[in-house]
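Reviewing the structure listed below.
There are 2 protein chains.
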Amino acid sequence: MGHVKGMPEGFLEGMPLVIASNGRSAVPARGEKVVSMAPNTASPRDRYRAQVRAEIKEHAWGQIAGAGASALSLNAIAKQMGMSGPALYRYFSSRDELITELVTDAYRSLADAFRTTASDGPDLAGLAHAMRRWALEYPQRYFLIYGTPVPGYHAPDAVTTIAGDIMATLLDACTAEATEATDATDADNTADVGETAFDTHLAHHRQWAGGHPAPAPVLRRALTFWTRLHGVLSLELAGHFTGMGFDPAQLFAAELDGLLGR
Amino acid sequence: MGHVKGMPEGFLEGMPLVIASNGRSAVPARGEKVVSMAPNTASPRDRYRAQVRAEIKEHAWGQIAGAGASALSLNAIAKQMGMSGPALYRYFSSRDELITELVTDAYRSLADAFRTTASDGPDLAGLAHAMRRWALEYPQRYFLIYGTPVPGYHAPDAVTTIAGDIMATLLDACTAEATEATDATDADNTADVGETAFDTHLAHHRQWAGGHPAPAPVLRRALTFWTRLHGVLSLELAGHFTGMGFDPAQLFAAELDGLLGR
DNA sequence: CAAGCTTGTTACAGCTTCTAACGAACGCGA
DNA sequence: TCGCGTTCGTTAGAAGCTGTAACAAGCTTG
Numbered sequence: 007m008g009h010v011k012g013m014p015e016g017f018l019e020g021m022p023l024v025i026a027s028n029g030r031s032a033v034p035a036r037g038e039k040v041v042s043m044a045p046n047t048a049s050p051r052d053r054y055r056a057q058v059r060a061e062i063k064e065h066a067w068g069q070i071a072g073a074g075a076s077a078l079s080l081n082a083i084a085k086q087m088g089m090s091g092p093a094l095y096r097y098f099s100s101r102d103e104l105i106t107e108l109v110t111d112a113y114r115s116l117a118d119a120f121r122t123t124a125s126d127g128p129d130l131a132g133l134a135h136a137m138r139r140w141a142l143e144y145p146q147r148y149f150l151i152y153g154t155p156v157p158g159y160h161a162p163d164a165v166t167t168i169a170g171d172i173m174a175t176l177l178d179a180c181t182a183e184a185t186e187a188t189d190a191t192d193a194d195n196t197a198d199v200g201e202t203a204f205d206t207h208l209a210h211h212r213q214w215a216g217g218h219p220a221p222a223p224v225l226r227r228a229l230t231f232w233t234r235l236h237g238v239l240s241l242e243l244a245g246h247f248t249g250m251g252f253d254p255a256q257l258f259a260a261e262l263d264g265l266l267g268r
Numbered sequence: 007m008g009h010v011k012g013m014p015e016g017f018l019e020g021m022p023l024v025i026a027s028n029g030r031s032a033v034p035a036r037g038e039k040v041v042s043m044a045p046n047t048a049s050p051r052d053r054y055r056a057q058v059r060a061e062i063k064e065h066a067w068g069q070i071a072g073a074g075a076s077a078l079s080l081n082a083i084a085k086q087m088g089m090s091g092p093a094l095y096r097y098f099s100s101r102d103e104l105i106t107e108l109v110t111d112a113y114r115s116l117a118d119a120f121r122t123t124a125s126d127g128p129d130l131a132g133l134a135h136a137m138r139r140w141a142l143e144y145p146q147r148y149f150l151i152y153g154t155p156v157p158g159y160h161a162p163d164a165v166t167t168i169a170g171d172i173m174a175t176l177l178d179a180c181t182a183e184a185t186e187a188t189d190a191t192d193a194d195n196t197a198d199v200g201e202t203a204f205d206t207h208l209a210h211h212r213q214w215a216g217g218h219p220a221p222a223p224v225l226r227r228a229l230t231f232w233t234r235l236h237g238v239l240s241l242e243l244a245g246h247f248t249g250m251g252f253d254p255a256q257l258f259a260a261e262l263d264g265l266l267g268r
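If you read the sequences in order, they're chains A and B.
74 is the number that our numbering gives to position 68 of the first sequence; each next residue is one higher, with no gaps.
16 is the number that our numbering gives to position 10 of the second sequence; each next residue is one higher, with no gaps.
Next up, the structure:
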């Protein structure tokens, strides 16, 4: 009900508002409706618009969790919200735009989880566990980021920026680990890790580090961390271990142990 | 043209037949039409049916390569083949059944690539390179197997069987490597690999090995091989390295080097 | 040859995305 | 306070999809 004709009466008080404590997190916690604090000075109409957009995205996440991103239906979302299908196109110009927003939010969510963890000190093991915790809590978001790509699709600038943030956090932690290691032992024995051929290749192809001062072996370490954790995590989330009997958590822990040098 | 009304006249000579040399491979090479050798005694109708099914699958692979599995359209395939939409339902009872077939074929294709490689001797490095070669040649098949899962979907028995075959091949290679290592050095120093906590866990949860006699450390090695290679490969195929500048092949080689003990 | 099975056709229901035209409510400026 | 433009939600409809039903025509087997 509610929406009979035209804009719903009293739309400002019509929905429970939750002011986001963290100004960055664009992905609401389960069941909450969030309006960012920054555009508090915005016009009522803008606030209502942001509100509806957030509600649409929430229903979208619900649908994705239930049947995957490919089954996302704007029409179904509209019905759930008690309005007609075409009304949603006032808020998202197309289904693709909505999905792009969800992808961006997923990246932001992961970046937030990483940054939050790293704020308690740059610790690779903590980052790894944060990664797994986040992935298990939001598998849909994980697959939106790391799942099957759409052949024609090209990610917008926003996500490449956020992906850079995530990588920077990881590089910070790897750098901290490296300096810590050289502090613990004597100087100049960093070479005991072994300079590989790929390290020298990386030294010449490091623009992806975005100005991060980490030396090539540290870049390589970050890449290895990323690929190995993704290897176990993605297979676990996709259910490839389900029929196998062992505990994926223990496999993850074992892989992390290997990464941290036993 | 061709199809005007009813079954096309002279359908037996209507299409170029290629008799499969390998009786197992259900996935045809690019641009070929394959009919298995075994049901050569089948009725002409059956042969025609298999022929059309294969042609449908070929067009399906083309569509998947172009726009992803979610964009696969039976109607579009029918048009490409010059017949009406509902006609396809004589060959596949639903879109899901077609996709399931494609998934099964993808598994079979990977299993064939593995088996072929292993027939030249059980060599882990060779298996790894075969994996990457296959994945780069058929990224769509890789993502059909290891990509984003559909929440409700449960794989049919056929694919779990084939997945078991793949794992068996990998376990064979890992076993060969282990015995080779113990032959090279003296006896009873297998312990220098280090028995991890996860090894003992695996020793108690090994039914997934399907009766393979490999000891727990070998099981663990197979798992590690699988997850690490998948980690680099899936990120490469999904394009997560594209903007980064370095050569994915070298990252893969480096990871493989690490896996093989430098 | 004749009966039956198989395959193709068109028509249609019901879903989807998305556009177009319209009316009503909001809210800002005068 | 009043009015007018903007925004929003509506219905109608095009074009596409999956999948079903009814029917026509040809192969194939008794």
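Even glycine gets a Cβ: it sits at the ideal position worked out from N, Cα and C.
Quick one, which residues of the segment 57 to 76 of chain B are near chain A if we go by CB-CB under 8 Å, in chain order? From the segment 57 to 76 of chain B, only ALA71, GLY72, ALA73, GLY74, ALA75, SER76 have a Cβ closer than 8 Å to chain A.
Please decide whether A/HIS236 counts as near chain B, where near means a Cβ-Cβ distance under 8 Å. Interface flag for A/HIS236 against chain B is set, since a Cβ pair is found closer than 8 Å.
Members of the segment 249 to 266 of chain B near chain A, C-beta cut-off 9 Å: Residues of the segment 249 to 266 of chain B with a Cβ closer than 9 Å to any Cβ of chain A, in chain order: GLY249, MET250, GLY251, PHE252, ASP253, GLN256, LEU257, ALA259, ALA260, GLU261, ASP263, GLY264.
8 Å Cβ cutoff, B/ARG231 in contact with chain A: For clarity, residue 231 of chain B is Phe in the given sequence; the question names Arg instead. No, no contact with chain A.
Integer-rounded CB distance, given that B/THR233 should sit under 8 Å from A/GLU201: No, A/GLU201 and B/THR233 are not in contact; Cβ-Cβ is about 26 Å, not under 8 Å.
Going straight from the alpha carbon of A/GLY153 to that of B/SER49, what length do you get? Approximately 43 Å between the Cα atoms of the pair.
Continuous alpha helix (DSSP H) stretch holding A/TRP67: start and end: Per DSSP, A/TRP67 belongs to the alpha helix (DSSP H) from 50 to 73.
Roughly how many angstroms separate the alpha carbons of B/GLY249 and A/PRO157, rounded to a whole number? Spanning the two alpha carbons is a distance of roughly 16 Å.
Short CB-CB distance (under 8 Å) between B/TYR113 and chain A: Not one chain A Cβ lies under 8 Å of B/TYR113.
For the alpha helix (DSSP H) holding A/GLY132, just list the boundary residues, first then last. Unbroken alpha helix (DSSP H) run through A/GLY132: 130 to 143.
Any beta carbon from chain A within less than 8 Å of B/SER90's own beta carbon? Chain A contact via Cβ: absent.
Under 7 Å, CB to CB, which of the residues in the segment 155 to 179 of chain B have a partner in chain A? From the segment 155 to 179 of chain B, only PRO155, VAL156, PRO157, GLY158, THR166 have a Cβ closer than 7 Å to chain A.
Whose C-alpha, out of B/ASP126, B/ALA174, B/GLU107, B/ALA179, is nearest the C-alpha of B/ARG147? It is B/GLU107 whose Cα lies nearest to the Cα of B/ARG147.
Segments assigned alpha helix (DSSP H), at least 4 residues, entirely inside the segment 232 to 257 of chain A: None, since the segment 232 to 257 of chain A contains no complete alpha helix (DSSP H) of that length.
Is B/TYR152 helix, strand or coil by DSSP? Secondary structure at B/TYR152: helix, using DSSP grouped into helix, strand and coil.
Helix, strand or coil, according to DSSP, for B/GLU261 in the structure here? Correct three-state label for B/GLU261: helix.
Check each candidate in B/PRO155, B/SER115, B/PHE149, B/LEU150 and name the one with the smallest Cα separation from B/ALA136. Looking only at B/PRO155, B/SER115, B/PHE149, B/LEU150, the smallest Cα-Cα distance to B/ALA136 is reached by B/SER115.
What does A/TRP140 reach in chain B if we use C-beta pairs closer than 9 Å? Under a criterion of Cβ atoms nearer than 9 Å, no residue of chain B is adjacent to A/TRP140; the nearest Cβ is some 17 Å distant.
According to DSSP, is A/THR202 helix, strand or coil? Reduced to three states, the DSSP call for A/THR202 is coil.
B/ARG138 and B/PHE252 - do their beta-carbons sit closer together than 8 Å? Judged by their CB atoms, B/PHE252 and B/ARG138 are not nearer to each other than the 8 Å cut-off.
Cutting at 8 Å between CB atoms, please list the residues of its own chain near B/SER90, excluding the five before and the five after it. Excluding positions up to five away in sequence, the list reads ALA84.
Give the secondary structure of B/MET89 by DSSP, where H, G and I count as helix, E and B as strand, and everything else as coil. In the structure shown, the three-state DSSP call for B/MET89 is coil.
Listed by chain order, chain A residues near B/GLN86 by CB distance under 8 Å: Contacts between B/GLN86 and chain A, judged by CB atoms closer than 8 Å, are missing: the closest CB pair is about 18 Å apart.
Short Cβ contact (8 Å threshold) for A/ASP205 with A/ALA187: For A/ASP205 and A/ALA187, no; Cβs fall outside 8 Å.
Measuring alpha carbon to alpha carbon, tell me which residue in A/GLY245, A/MET173, A/ASP263 is nearest A/LEU225. Nearest C-alpha to A/LEU225: A/MET173.
Best match in A/ASP263, A/PHE247, A/PHE231 for proximity to B/LEU241 [C-alpha to C-alpha]: Per the C-alpha coordinates, the member of A/ASP263, A/PHE247, A/PHE231 positioned closest to B/LEU241 is A/PHE231.
Quick check on B/ASP118: buried or exposed, where buried means 16 or more other Cβ atoms within 10 Å of its Cβ? Buried: at least 16 other Cβ atoms inside 10 Å.
Going along chain A, which residues have a C-beta under 9 Å from B/THR202? Residues of chain A with a Cβ closer than 9 Å to the Cβ of B/THR202 are, in chain order, ALA260, ASP263, GLY264, ARG268.
Tell me whether the beta-carbon of B/VAL109 lies closer than 8 Å to the beta-carbon of B/VAL165. It is a contact, given that the beta carbons lie within the stated cut-off.
Any beta carbon of chain B sitting closer than 8 Å to that of A/ALA3? Because chain A spans 7 through 268 in this model, residue 3 of chain A falls outside it and cannot be assessed.
State the Cα-Cα distance for the pair B/SER76 and A/SER76, rounded to the nearest angstrom. Here the alpha carbons of A/SER76 and B/SER76 stand approximately 6 Å from one another.
Among B/ALA71, B/GLU64, B/ALA203, B/ALA134, nearest to B/ALA228 - alpha-carbon criterion: For the residues B/ALA71, B/GLU64, B/ALA203, B/ALA134, the minimum Cα distance to B/ALA228 belongs to B/ALA134.
Can you tell me whether DSSP reads A/ALA117 as helix, strand or coil? DSSP, reduced to helix, strand and coil, places A/ALA117 within a helical segment of the structure shown.
Taking only three categories from DSSP, how would you classify A/ASP111? Assigned with DSSP and collapsed to three states, A/ASP111 falls in helix.
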